[in-house]
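Final position of the sequence shown in numbering that gives the first Met the number 0 is 369; the numbers increase by one with none missing.
Glycine included, each C-beta is placed from N, C-alpha and C at the ideal position.
Owing to the predicted nature of the structure, the values given are computational and were not obtained by experimental measurement.
See below for the structure under consideration.
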Amino acid sequence: MKQSELMTPAVICNLDALEGNLKRYHEAAKANGKELWPMIKTHKSTEVARMQVAAGATGFLCGNLEEAEAVSYLGKKVMLAYPVASKENIAKAIEIAKKCDFYLRLDGVEAAAMIDAQAKEAGIVMKYTLIINAGLDRFGVKPEDAVDMAKKLAEFKNLKFMGISTHPGQVYAAKSAAEVPAYIEQEYNVIKTAVDSLKAAGFTCEIVSTGSTPTFWGTIHNEYVNVLHPGNYVFHDTIQMSIDVAKEEECAVYIYATVISHPQKDLYICDAGTKCFALDQGAHGNDSIKGYGTIKGHPELTMYALSEEVGKMHADGPTTLKVGDKIEVIPNHSCPTFNNTSYAIGVRGGEVERIIHVDFRENSTFKGIR
Ligand SMILES: Cc1ncc(COP(=O)(O)O)c(C=O)c1O
């Protein structure tokens, strides 16, 4: 079956682009002596996780426990990106730690005390990395406070310090490729301060992990880091294109849609809206992103407004577009696009090849109330 014979809207995954992205990033990580544990919240798909393992992933970074549980069967290391701090979630984390080589991340004594108490009861020692704030100002202690926090956490006998983790997500405030190196330098300095001071205080950092897609190509040379966690690299999107991290042909996910109305001069409407694209325009207000996606082959069009099922496109000047035309739109952010669907259609050279199931979105599969 050809892509052109599909009903619209459809979430498409260009398999050549996906495989090319996997090959490029994983080979580069290996060539530079780094492990790549991808952040899998991007795809939430066992099939894509297996492709990552085939490409060389030695672990996974997970956005939540559902993701961690799903990949705990794949025989690789599993790390949860954020702390857990409820009896129920700690119990699940302990259950996962009994099944695979599992790592938590911590940044404070409150959650640590709760986890330590439950781990003691379960007769298990939970491994963790200390989260260092690399400038995103979300989780983590400041690098100069790493030793102080590591000492406090060392009091908990059912927790084992394994090193540090961070995420330079503030890089998404960059408006061009020229601005990215400053974030890589900031990440380097933060990690250096934390690791050097921890080492001097007698702590061994077996794991020094960090990552994002835009900083990947710089941080791959960071001698302190041994594990990288890009996530979006598998698909890329308009946000990555806006900072020259990806070219259009390296964006693996797009929405296939039909132009269904041309009600006013310069206004065209397609049959895909927020349920395909989401409303993301860049997490940090990147104003180089215009509208809600890149309409391939139509630089004159801007997807300037969305409702749930339809998108409004403005034509700036002449356009060949007409009602009935099919368009391919690269979303601003491919992660919510994948989270909005239970499958993507894998296409190669215009032909449908296979379905990629998005099988571990949270609450997508009822496994009993938990
Ligand atoms: C903690 C953490 N690590 C890694 C990543 C992956 O970053 P990116 O999607 O830029 O590759 C994310 C993404 O949000 C994250 O939250």
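Collapsed DSSP secondary structure at residue i in the structure displayed
| i | result |
| --- | --- |
| residue 263 | strand |
| residue 329 | strand |
| residue 306 | coil |
| residue 252 | strand |
| residue 273 | helix |
| residue 70 | helix |
| residue 164 | strand |
| residue 10 | strand |
| residue 38 | strand |
| residue 313 | strand |
| residue 268 | strand |
| residue 208 | strand |
| residue 154 | coil |
| residue 226 | strand |
| residue 292 | strand |
| residue 258 | strand |
| residue 140 | strand |
| residue 203 | coil |
| residue 336 | helix |
| residue 238 | helix |
| residue 320 | coil |
| residue 214 | coil |
| residue 246 | coil |
| residue 50 | helix |
| residue 0 | coil |
| residue 368 | coil |
| residue 29 | helix |
| residue 93 | helix |
| residue 131 | strand |
| residue 18 | helix |
| residue 147 | helix |
| residue 190 | helix |
| residue 44 | coil |
| residue 169 | helix |
Residue i to residue j span [Cα, whole Å]
| i | j | result |
| --- | --- | --- |
| residue 312 | residue 339 | 21 angstroms |
| residue 109 | residue 360 | 29 angstroms |
| residue 113 | residue 120 | 11 angstroms |
| residue 278 | residue 291 | 7 angstroms |
| residue 203 | residue 217 | 25 angstroms |
| residue 329 | residue 335 | 12 angstroms |
| residue 167 | residue 215 | 10 angstroms |
| residue 55 | residue 27 | 11 angstroms |
| residue 185 | residue 2 | 44 angstroms |
| residue 306 | residue 260 | 14 angstroms |
| residue 319 | residue 270 | 18 angstroms |
| residue 71 | residue 181 | 36 angstroms |
| residue 17 | residue 251 | 5 angstroms |
| residue 370 | residue 355 | A question about residue 370 goes unanswered here, because the residues of the chain that appear run from 0 up to 369. |
Cβ-heavy atom distance, residue i to ligand 1, below 7 angstroms
| i | result |
| --- | --- |
| residue 235 | no |
Residues that residue i bridges to, as DSSP identifies them
| i | result |
| --- | --- |
| residue 65 | Bridge partners of residue 65: none, in fact. |
| residue 342 | 356 |
| residue 78 | 60 and 102 |
| residue 351 | 346 |
| residue 391 | Since the displayed the chain opens at 0 and closes at 369, residue 391 lies outside it and no answer follows. |
| residue 113 | DSSP, once it has assigned bridges, lists no residue as partnering residue 113. |
| residue 126 | 102 and 159 |
Tell me which residues pass a beta-carbon proximity test against ligand 1: closer than 7 angstroms to any heavy atom, given in chain order.
Going by the Cβ distance cut-off, the answer is 38, 40, 41, 60, 62, 80, 166, 168, 210, 211, 212, 213, 228, 229, 230, 231, 232 and 334.
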